[in-house]
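Novice: Line by line, the protein sequences give chains A and B. With my numbering applied, the first sequence corresponds to residues 65 to 292, in that order. With my numbering applied, the second sequence corresponds to residues 7 to 243, in that order.
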Amino acid sequence: MAPGKGGADGVHIEAPPNAPAREGHGWRTYRLLVALAAIMVVGAAAILLWQRFGPRPGPKYGVAINANASVQDFRLNSTLGHPIALSDFADRYTVLYFGYTTCPDICPTTLADLGKAEKLLGDAAKRMQVLFVTVDPERDTPERLHDYLAYFSPTFIGLSGGLEETEAIASQFGVVYEKRYASGSATDYLMDHSAAVIVLDAERRPQVMFPFGVTAEQIASDLQALLR
Amino acid sequence: MSVTSTYPEQRSAGQNNRKLILLWLGLLAIPLVAVILFAVFQPVKVVPRIGLAPGFIFTDQNGARLTNEDLRGKVVIYNFTTTSCTAPCVDSAPTMQGVQALLARLDTEGIPVKMVTISLDPERDAPQRLGEYAQRLGADPALWHFVTGAPERLKQVVGGGFGLYYKQEDDGVFEFDPMIALVDGNGILRAQYKRGLPDVDFVARDLGLIFDEVRNSTGAGGLVYEAAHLFACYATY
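1. So if DSSP puts K120 (chain B) in a beta bridge, which residue, or which two residues, is it bridged to?
2. Just to confirm the assignment: which complete alpha helix (DSSP H) runs, minimum length 4, are found wholly within the stretch 95 to 172 of chain B?
3. Which residues in chain A sit within 9 Å of L34 (chain B), going by Cβ to Cβ distance?
4. Looking only at C-alpha atoms, which of B:L143, B:P128, B:I124 sits nearest to A107 (chain B)?
5. Under DSSP, the beta strand (DSSP E) around E181 (chain B) begins and ends at which residues?
6. Between P54 (chain B) and S247 (chain A), what straight-line distance do the alpha-carbon atoms span, to the nearest angstrom?
7. Are there three or more Cβ pairs, one per stretch, closer than 8 Å when the stretch 205 to 223 of chain A is compared with the stretch 33 to 51 of chain B?
8. Sorted by chain position, which residues of the same chain lie with C-beta nearer than 6 Å to L160 (chain A)'s C-beta, five sequence neighbours on each side aside?
9. Quick check on DSSP: helix, strand or coil for S285 (chain A)?
10. Select from A:A101, A:M255, A:S142 the residue whose C-alpha is nearest the C-alpha of P206 (chain A).
11. Give me, in chain order, the residues of the same chain whose beta-carbon lies closer than 8 Å to that of D127 (chain B); leave out the 5 immediate sequence neighbours on both sides.
12. Between the C-alpha atoms of I117 (chain B) and F208 (chain B), what's the straight-line distance to the nearest angstrom?
13. Grouping DSSP H, G and I as helix and E and B as strand, with all else coil, what is Q21 (chain B)?
14. By the 10 Å Cβ neighbour count, where 16 or more other Cβ atoms means buried, how is H151 (chain B) classified, buried or exposed?
15. Please confirm whether F138 (chain A) has its beta-carbon closer than 7 Å to some beta-carbon of chain B.
16. Could you tell me whether the stretch 253 to 273 of chain A touches the stretch 131 to 147 of chain A, using the rule of 3 or more Cβ pairs below 8 Å?
17. Between L227 (chain A) and P201 (chain A), how many whole angstroms is the CB-CB distance? I'm expecting something under 8 Å.
18. Going by the CB atoms, is the gap between S224 (chain A) and V239 (chain A) shorter than 7 Å?
19. Under 7 Å between beta-carbons, which chain B residues line up against M255 (chain A)? List them in chain order, please.
20. When you compare the CB positions of F237 (chain A) and L58 (chain B), do they come within less than 7 Å of one another, or not?
21. Three or more C-beta pairs under 8 Å: does that hold for the stretch 66 to 80 of chain B against the stretch 108 to 115 of chain B?
22. Cα separation between L149 (chain B) and D187 (chain A)?
23. Counting contacts by CB-CB distance shorter than 7 Å, is Q21 (chain B) in contact with chain A?
24. Given that a residue counts as buried once 16 or more other Cβ atoms are within 10 Å of its Cβ, and exposed if not, what is Q146 (chain A)?
25. Would you kindly work out how many angstroms separate the C-alpha atoms of R159 (chain B) and R156 (chain A), rounded to a whole number?
26. How is G248 (chain A) classed by DSSP in three states: helix, strand or coil?
27. Kindly provide the ranges of any beta strand (DSSP E) runs that are 3 or more residues long and lie completely inside the stretch 192 to 246 of chain A, ordered along the chain.
28. Cβ closer than 7 Å: which chain B residues qualify as neighbours of V261 (chain A)?
29. DSSP state of A79 (chain A), grouped into three classes?
30. Could you tell me if S125 (chain B) is buried or exposed, where buried requires 16 or more neighbouring beta carbons within 10 angstroms of its beta carbon?
31. Per DSSP, what kind of secondary structure is D256 (chain A) in: helix, strand or coil?
32. Do you know whose CA, among A:Y94, A:L97, A:G90, A:I103, lies nearest L29 (chain B)'s CA?
33. Using 8 Å for Cβ pairs, my map puts F274 (chain A) next to A260 (chain A). What's the rounded Cβ distance?
34. Roughly how many angstroms separate the alpha carbons of P168 (chain A) and D212 (chain B), rounded to a whole number?
35. Any idea what DSSP makes of G179 (chain A), helix, strand or coil?
36. Residues in the stretch 45 to 61 of chain B with C-beta within 9 Å of chain A's C-beta atoms, listed in sequence order?
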């Protein structure tokens with residue numbers, strides 16, 4: 065339609081006979097649209113509120129902890145070259161795992177699974193940080209930790225502290241470990257240790273625990289729901 | 007369509023719209039009312055998840071090692087005391103005996119249960135003394151363990167993890183408030199009865215709720231239980 069003369073005038077002239085009906089129609093459509101828009105806005109708000117505060121389905125493969133209380137903060141030497149505190153990750157979830165670099169089977173399997181889960185999560189993985197705390201600080205130097213973790217993921221951070229310190233930190237996650245000597249030599253030992261992976265929220269409250277044996281895909285699936 | 011006929015039509019359209027809006031408001035109110043009803047009436051009761059129970063490696067009355075990992079998969083009732091707890095020390099052992107009697111007649115439907123007494127006094131409560139203490143209480147050795155460990159570990163586990171403040175006076179007597187705690191099979195601390203000694207009925211009620219949750223929180227029931235945890239306004243003691 066040509067702009068200007070033809071349009072508005074034409075409608076205006078033809079309008080009167082049908083005007084009330086048309087107005088009724090337009091008014092109804094208008095109100096319907098407003099109602100729909102309002103419903104959509106309220107619905108969207110409800111969905112957002114539900115997502116933020118509503119109950120989340122518990123993890124399918126891990127164990128729900130959803131603790132009310134935060135764990136005590138700690139600061140340990142890290143593979144980044146400077147000490148790192150748990151509270152440094154106040155903007156993301158932390159995925160905590162206790163192990164040691166000469167661990168024969170469980171640790172590499174779990175770390176490989178966490179590395180794979182991280183890849184599967186893609187961008188969502190930016191909202192979490194994997195922290196590996198060595199339970200064998202006598203043998204695991206930060207350099208050794210760094211080289212070991214690089215094998216699984218470039219983003220993983222290794223942490224090491226004193227013997228007593230590490231034991232106290234581990235205990236508050238229900239993690240225990242002890243040396244099991246393989247021979248008479250003082251440096252030839254394995255560490256028997258709890259194998260669970262613990263996920264904390266930004267406020268350092270334990271949320272989910274993955275027992276050993278949960279696959280990378282399962283970990284990724286549960287984390288996906290948590291990191292939404 | 008005539009001009010005169012449109013006026014009532016408009017009015018009825020307005021009424022329809024009003025009805026529509028009321029309908030939508032009603033629909034929106036349903037979940038809100040449901041949430042409020044759920045929070046008020048609490049059709050599903052849960053004992054809150056307080057946090058992860060502490061990890062420990064202790065020695066029991068037989069000199070054997072007992073760790074929290076050994077107890078994973080089992081619901082555990084803990085108390086914290088010393089074998090020399092006599093008045094004015096408030097002894098939680100009779101309550102534990104009550105719990106043991108309760109467990110003997112309770113059908114846990116295959117959910118394994120253990121009881122653990124942690125002694126705060128490793129210096130005096132060597133395994134042998136713990137064994138004698140266990141016998142004196144009539145403890146079932148298959149159910150009830152008596153353990154202790156190094157003082158600094160105990161402080162970390164009992165003082166830190168379980169949140170029980172205690173101290174040893176100069177005369178060697180331990181000063182502490184009696185406490186009983188419940189830990190579920192996932193190693194999650196579910197109850198700390200700190201305000202004096204709980205009635206065995208309280209412990210029984212909470213144990214029952216934990217058993218119910220273990221049995222019912224699969225599938226869709228899981229979401230209901232998560233919702234219940236969200237409104238964990240259920241006072242435990």
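Cβ coordinates follow ideal geometry from the N, Cα and C atoms, glycine included. Note that the coordinates shown come from a computational prediction; the quantities given were computed from them, not determined experimentally.
Specialist: According to the structure data:
1. B:V82
2. 99 to 111, 133 to 143, 157 to 160
3. I103, V106, G107, A110
4. B:L143
5. 180 to 182
6. 46 Å
7. no
8. L195, I262
9. helix
10. A:S142
11. T88, T89, S90, T154, Q174, F180
12. 19 Å
13. helix
14. buried
15. no
16. yes
17. 6 Å
18. no
19. By Cβ distance, chain B contributes nothing, its closest Cβ being about 12 Å from M255 (chain A), past 7 Å.
20. yes
21. no
22. 49 Å
23. no
24. Reading off the sequence, residue 146 (chain A) comes out as His, not Gln. With fewer than 16 Cβ atoms within 10 Å of its Cβ, H146 (chain A) is classed as exposed.
25. 31 Å
26. coil
27. 192 to 198, 221 to 224, 241 to 245
28. By Cβ distance, chain B contributes nothing, its closest Cβ being about 13 Å from V261 (chain A), past 7 Å.
29. In this predicted model, A79 (chain A) has a pLDDT of only 46, less than 50, meaning its place in the structure is not dependable enough to derive any value.
30. buried
31. strand
32. A:I103
33. 7 Å
34. 41 Å
35. helix
36. P54, R55, I56, G57, L58, A59, P60, G61
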